[in-house]
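Novice: Here it is: the structure, laid out below.
2 protein chains.
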Amino acid sequence: MAAKIKDVAAHAGVSVGTVSNVLNGRARVPGTIDRVRTAIEALGYVRNDAARQLRAGRSRSIALVVLDVGNPFFAAVARGAEARAAADGYVVLLGSSGQDIKRETAYLDQFHEQRVAGVLLTPADVHSVGVQRVLDSSTPVVLVDEPPGASKACSVWVDDVEGGYLAVSHLLSEGRRRIAVVTGPSSTTRQVSDRLEGARRAVAAVPDATLSVIETDAMTVLAGRAVGERLQLSADRPDAVFAANDLLAVGLLQALTLMGDVRVPEDMSLIGYDDIDFAAAAVVPLSSIRQPATELGWTAVDLLLRQLNDELTAENRERRFRPELVIRSSSSAAAARG
Amino acid sequence: MAAKIKDVAAHAGVSVGTVSNVLNGRARVPGTIDRVRTAIEALGYVRNDAARQLRAGRSRSIALVVLDVGNPFFAAVARGAEARAAADGYVVLLGSSGQDIKRETAYLDQFHEQRVAGVLLTPADVHSVGVQRVLDSSTPVVLVDEPPGASKACSVWVDDVEGGYLAVSHLLSEGRRRIAVVTGPSSTTRQVSDRLEGARRAVAAVPDATLSVIETDAMTVLAGRAVGERLQLSADRPDAVFAANDLLAVGLLQALTLMGDVRVPEDMSLIGYDDIDFAAAAVVPLSSIRQPATELGWTAVDLLLRQLNDELTAENRERRFRPELVIRSSSSAAAARG
DNA sequence: CTGTTAGCGCTTTCAT
DNA sequence: ATGAAAGCGCTAACAG
Numbered sequence: 001m002a003a004k005i006k007d008v009a010a011h012a013g014v015s016v017g018t019v020s021n022v023l024n025g026r027a028r029v030p031g032t033i034d035r036v037r038t039a040i041e042a043l044g045y046v047r048n049d050a051a052r053q054l055r056a057g058r059s060r061s062i063a064l065v066v067l068d069v070g071n072p073f074f075a076a077v078a079r080g081a082e083a084r085a086a087a088d089g090y091v092v093l094l095g096s097s098g099q100d101i102k103r104e105t106a107y108l109d110q111f112h113e114q115r116v117a118g119v120l121l122t123p124a125d126v127h128s129v130g131v132q133r134v135l136d137s138s139t140p141v142v143l144v145d146e147p148p149g150a151s152k153a154c155s156v157w158v159d160d161v162e163g164g165y166l167a168v169s170h171l172l173s174e175g176r177r178r179i180a181v182v183t184g185p186s187s188t189t190r191q192v193s194d195r196l197e198g199a200r201r202a203v204a205a206v207p208d209a210t211l212s213v214i215e216t217d218a219m220t221v222l223a224g225r226a227v228g229e230r231l232q233l234s235a236d237r238p239d240a241v242f243a244a245n246d247l248l249a250v251g252l253l254q255a256l257t258l259m260g261d262v263r264v265p266e267d268m269s270l271i272g273y274d275d276i277d278f279a280a281a282a283v284v285p286l287s288s289i290r291q292p293a294t295e296l297g298w299t300a301v302d303l304l305l306r307q308l309n310d311e312l313t314a315e316n317r318e319r320r321f322r323p324e325l326v327i328r329s330s331s332s333a334a335a336a337r338g
Numbered sequence: 339m340a341a342k343i344k345d346v347a348a349h350a351g352v353s354v355g356t357v358s359n360v361l362n363g364r365a366r367v368p369g370t371i372d373r374v375r376t377a378i379e380a381l382g383y384v385r386n387d388a389a390r391q392l393r394a395g396r397s398r399s400i401a402l403v404v405l406d407v408g409n410p411f412f413a414a415v416a417r418g419a420e421a422r423a424a425a426d427g428y429v430v431l432l433g434s435s436g437q438d439i440k441r442e443t444a445y446l447d448q449f450h451e452q453r454v455a456g457v458l459l460t461p462a463d464v465h466s467v468g469v470q471r472v473l474d475s476s477t478p479v480v481l482v483d484e485p486p487g488a489s490k491a492c493s494v495w496v497d498d499v500e501g502g503y504l505a506v507s508h509l510l511s512e513g514r515r516r517i518a519v520v521t522g523p524s525s526t527t528r529q530v531s532d533r534l535e536g537a538r539r540a541v542a543a544v545p546d547a548t549l550s551v552i553e554t555d556a557m558t559v560l561a562g563r564a565v566g567e568r569l570q571l572s573a574d575r576p577d578a579v580f581a582a583n584d585l586l587a588v589g590l591l592q593a594l595t596l597m598g599d600v601r602v603p604e605d606m607s608l609i610g611y612d613d614i615d616f617a618a619a620a621v622v623p624l625s626s627i628r629q630p631a632t633e634l635g636w637t638a639v640d641l642l643l644r645q646l647n648d649e650l651t652a653e654n655r656e657r658r659f660r661p662e663l664v665i666r667s668s669s670s671a672a673a674a675r676g
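Written out as structure tokens, the structure reads:
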């Protein structure tokens with residue numbers, strides 16, 4: 001059996017209270033501290049976090065549940081969160097739901113049972129039972145990439161309606177009129193429906209512009225490729241496509257330009273969302289809507305820590321960022337020539 | 339204060355033992371089960387995992403510590419691990435070290451304190467104190483993307499020497515002779531030094547071939563771009579580059595072909611490593627060395643679970659996969675024309 | 001400043 | 001089948 005605090009105390013010739021004090025940095029006598037440290041080393045003692053947490057009632061872990069770690073956008077969010085958390089001695093536990101409500105709920109329940117210090121959450125569906133349960137609980141929650149809505153939770157988000165509007169307005173300003181939006185699954189996330197809403201608004205402002213929606217079963221490169229293959233064969237193709245994220249856009253690009261013979265942007269203009277690192281290096285450099293991903297993660301943890309320390313003022317509860325249009329060759333004849 | 343098992347028992351009119359039995363699926367009387375479930379629902383009771391684990395001594399969490407979640411290769415490993423773990427009711431806690439030994443150690447210590455059921459680890463440095471500590475501990479460890487070496491840990495890995503050999507042999511067979519290898523930081527991982535070793539072997543087999551090594555401070559798109567910018571200005575450029583991962587290769591491609599005027603593969607041939615989804619959609623479709631990432635993660639958890647259930651035979655302790663050469667335009671005049 | 005001790009919430013054994 | 005009670009390893013309050 002592993003050594004426990006009692007063993008360390010015996011080995012060092014002190015009491016358990018003293019060992020606990022050393023462990024928690026409230027010991028003062030250098031000689032004692034040294035003896036305890038030596039004993040810990042000698043016995044290979046590792047503190048039992050379950051016992052510590054049970055007694056202390058708090059935890060040094062922060063949960064981060066995102067839609068998909070495979071999406072570099074969320075990887076960047078995680079990096080930002082980790083950086084801010086580490087500065088205060090917290091650890092970030094990452095869960096990836098794959099937009100599956102079952103898995104999302106499983107993670108939330110697990111983290112709730114673990115009594116994590118707080119939960120950072122990009123919900124697949126804010127109205128799901130699992131999400132509501134954690135929102136109703138006493139666990140501090142920061143919604144990430146999701147507006148506060150009716151909940152009392154803090155929120156760090158980017159305006160997706162504006163992003164969708166920026167993307168499609170740009171396509172329209174390039175003279176395109178038959179716009180298609182490629183989204184995720186039908187039971188899609190708030191992000192995607194907001195981007196779509198922004199797209200609709202942009203189209204509504206131009207009389208002869210039309211908008212069609214193509215749903216996929218996942219927001220991945222693979223799913224994008226599948227759509228691209230269909231689009232390539234289709235008789236009445238749209239003249240511009242707004243992909244709801246860069247993964248889909250990259251997949252579209254693969255199918256259209258590499259496997260097919262559709263020229264981008266000449267035959268079909270394309271813009272993605274997130275501006276992941278790969279966008280600039282795509283076969284046709286990909287126009288996109290940039291979001292401050294790392295900053296989002298950083299700010300989310302910052303808000304959570306403030307909440308834990310009760311230094312949260314009303315105006316601090318929500319941080320909204322704005323998306324930014326990045327024009328590259330995939331949507332602009334000018335950029336393509338340049 | 340949150341409801342505890344005692345409150346549930348009182349509310350349901352049964353004893354705590356009975357509630358515990360219901361919670362753990364060993365209750366038999368349907369009426370009792372229903373009453374307990376109703377009470378749990380009514381009180382919003384959530385089991386305290388710390389107490390449960392303290393008493394039971396076991397945990398349903400598996401830790402996965404990788405070099406970089408921002409690398410789609412590791413994201414895929416995580417996906418595979420998660421899938422296998424979920425099948426047995428385990429949760430995967432993900433930590434990303436960023437190849438930083440301090441952070442790696444912090445994660446390992448944290449997970450050790452949490453008494454996770456097991457650790458899946460891609461070490462930044464197998465010989466670091468933190469890694470040795472967990473290897474010496476009683477926590478089951480599966481090394482991921484790392485051969486077993488001297489340790490007693492299980493291991494799931496891909497032969498990187500072979501991968502490096504495949505990559506550079508291919509460049510040589512295309513007639514290139516002045517090969518450069520772009521690696522990570524000098525205190526680099528085993529994977530990268532093995533890939534380099536394979537590259538050296540391939541070069542050694544061709545009399546007039548030379549090999550140079552370019553180190554970067556991170557294995558990211560950004561670092562690759564920086565190298566590409568230097569390379570582009572350099573008077574005596576190599577005629578072929580083997581990038582130690584696809585992220586570096588994509589960054590190189592950005593700098594060389596989009597920001598610079600180096601033609602790939604005509605002026606400089608390029609091959610990456612991992613065959614991430616983006617490789618096929620790069621500005622010049624990227625040749626790469628494919629690794630079975632998802633399968634790696636899946637198998638790692640499978641091995642861990644077998645170990646936990648004592649169904650591990652000697653020949654099961656190690657699973658070695660083989661890398662596969664994927665030729666695209668970036669390294670092959672033929673593929674570029676095709 | 002150090003040592004002793006009462007629980008934290010749960011599981012599980014042992015009576016009933 | 002159900003209820004009572006003993007601890008899991010730790011922290012913090014209190015006594016020395």
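Protein sequence lines, in the order shown, are assigned to chains D and H. Using our numbering, the first residue of the first sequence is number 1, and each one after it goes up by one. Using our numbering, the first residue of the second sequence is number 339, and each one after it goes up by one. Ideal placement from N, C-alpha and C gives every residue a C-beta, glycine not left out. Every value quoted in this text rests on a predicted model; they were computed, and no experiment measured them.
Count the other CB atoms, across all protein chains shown, that sit within 10 Å of the CB of S234(D); report buried if there are 16 or more and exposed otherwise.
Specialist: It counts as exposed.
Novice: Quickly, what does DSSP pair L459(H) with across the bridge? List them, please.
Specialist: V403(H) and L481(H), per the DSSP bridge assignment.
Novice: Determine, using beta carbons only, whether S669(H) and E500(H) come nearer to each other than 8 Å.
Specialist: Taking 8 Å as the Cβ cut-off, S669(H) and E500(H) do not qualify as a contacting pair.
Novice: Could you work out which residues of chain D lie near G513(H), taking near to mean beta carbons separated by less than 7 Å?
Specialist: Those within 7 Å of G513(H) in chain D number zero; the least Cβ separation is about 25 Å.
Novice: Going by C-alpha to C-alpha distance, which of V506(H), D555(H), Q452(H) and K440(H) sits closest to L534(H)?
Specialist: Looking at the Cα atoms, V506(H) is the closest of the given residues.
Novice: Span of the alpha helix (DSSP H) holding S269(D)?
Specialist: From DSSP, S269(D) is part of no alpha helix (DSSP H) but of the beta strand (DSSP E) over S269 to I271.
Novice: For N647(H), verify whether its CB is less than 7 Å away from any heavy atom of the ligand FAD.
Specialist: This structure lacks the ligand FAD, and indeed carries no ligand of any kind.
Novice: By the DSSP assignment, the alpha helix (DSSP H) with I614(H) in it spans what residues?
Specialist: Segment: none, I614(H) is in no alpha helix (DSSP H) and carries neither H nor E.
Novice: If you measure from the beta carbon of V221(D) to each beta carbon in chain H, is any gap under 8 Å?
Specialist: Yes, contact with chain H.
Novice: Please report the Cβ distance between S434(H) and D406(H), rounded to the nearest whole angstrom; I am assuming they are in contact, meaning their Cβ atoms lie under 8 Å.
Specialist: With a Cβ gap of about 6 Å, S434(H) and D406(H) count as contacting.
Novice: Exposed or buried, what is P368(H) when buried is set at 16 or more other beta-carbons lying within 10 Å of its beta-carbon?
Specialist: Burial call: exposed.
Novice: Is the CB-CB distance between R237(D) and M259(D) below 8 Å?
Specialist: No, they are not a contact pair.
Novice: For A455(H), which residues in the same chain have their Cβ closer than 7 Å to its Cβ, ignoring the five residues on either side in sequence?
Specialist: Cβ within range, chain order: R396, S397, R398, S399, I400, Y428 and L646.
Novice: Mapping DSSP to helix, strand and coil, what is L624(H)?
Specialist: Coil, per DSSP.
Novice: Mind checking V467(H): buried by the 16 CB within 10 Å criterion, or exposed?
Specialist: By the neighbour-count rule (16 or more Cβ atoms within 10 Å), V467(H) is not buried but exposed.
Novice: Can you check whether the C-beta of A51(D) is within less than 8 Å of a C-beta belonging to chain H?
Specialist: It does; some Cβ of chain H falls within 8 Å.
Novice: If we count the other Cβ atoms within 10 Å of its Cβ and call it buried at 16 or more, is N386(H) buried or exposed?
Specialist: Classification of N386(H): buried, given that the 10 Å Cβ count is 16 or more.
Novice: So with Cβ pairs under 8 Å, would you call N21(D) a contact of chain H?
Specialist: Cβ-Cβ to chain H under 8 Å: no for N21(D).
Novice: On a Cα-Cα basis, can you pick out the residue from N654(H), V496(H) and L549(H) that is closest to E662(H)?
Specialist: For E662(H), the nearest C-alpha among the options comes from V496(H).
Novice: Based on DSSP bridge pairs, tell me the residues matched to R657(H).
Specialist: Per DSSP, V494(H).
Novice: Using a Cβ-Cβ cut-off of less than 7 Å, give me the residues of the segment 364-394 of chain H that come near chain D, in sequence order.
Specialist: Against chain D - using a Cβ distance shorter than 7 Å - the residues of the segment 364-394 of chain H are V384, R385, N386, D387, A388, A389, Q391 and L392.
Novice: If the criterion is Cβ atoms closer than 8 Å, does the pair L286(D) and L270(D) meet it?
Specialist: Cβ atoms of L286(D) and L270(D): closer than 8 Å.
Novice: With distances taken Cα to Cα, identify the nearest neighbour of D217(D) among Q191(D), G13(D), T183(D) and V131(D).
Specialist: D217(D) has its Cα closest to that of T183(D), out of Q191(D), G13(D), T183(D) and V131(D).
Novice: Let me check one thing: in DSSP terms, what residues is R178(D) bridge-paired to?
Specialist: Per DSSP, T210(D).
Novice: Counting only C-beta atoms, is L108(D) closer than 8 Å to chain H at any point?
Specialist: Not an interface residue.
Novice: Have a look at the DSSP bridge pairing and note the partners of L432(H).
Specialist: According to DSSP, which records beta bridges pairwise, L432(H) is partnered with L94(D) and L402(H).
Novice: Under a three-way DSSP split, which group does A341(H) fall into?
Specialist: Three-state DSSP puts A341(H) in coil, outside helix and strand.
Novice: Give the interface partners of V250(D) over in chain H, defined as CB-CB distance under 8 Å, in chain order.
Specialist: Those are D615, F616 and A619, listed as they occur along chain H.
Novice: Just to confirm the assignment, what range does the beta strand (DSSP E) spanning E649(H) have?
Specialist: Run containing E649(H): none; DSSP gives neither H nor E here.
Novice: Please identify, using Cβ separations under 8 Å, the residues of the segment 72-85 of chain D that lie next to chain H, in order along the chain.
Specialist: From the segment 72-85 of chain D, only P72, A75, A76, A78, R79 and E82 have a Cβ closer than 8 Å to chain H.
Novice: Determine the extent of the beta strand (DSSP E) in which L663(H) is found, giving its start and end residues.
Specialist: Looking at the DSSP string, the run of the beta strand (DSSP E) that includes L663(H) is E662 to V664.
Novice: Compare the C-beta of E229(D) against all C-beta atoms of chain H and say whether one is closer than 8 Å.
Specialist: Not one chain H Cβ lies under 8 Å of E229(D).
Novice: Is it right to say P545(H) is buried, meaning 16 or more other beta carbons lie within 10 angstroms of its own, or is it exposed?
Specialist: Its Cβ having fewer than 16 others within 10 Å, P545(H) is exposed.
Novice: With distances taken from CA atoms, which of A78(D), L304(D), A39(D) and A56(D) is nearest L431(H)?
Specialist: Among A78(D), L304(D), A39(D) and A56(D), the Cα nearest to that of L431(H) belongs to A78(D).
Novice: Using a 10 Å radius around the Cβ and a threshold of 16 neighbouring Cβ atoms, would you call G408(H) buried or exposed?
Specialist: Buried is the call here.
Novice: Strictly below 9 Å CB to CB, what residues from chain D border G408(H)?
Specialist: The answer, in chain order, is P72, A75, A76, A78, R79 and D277.
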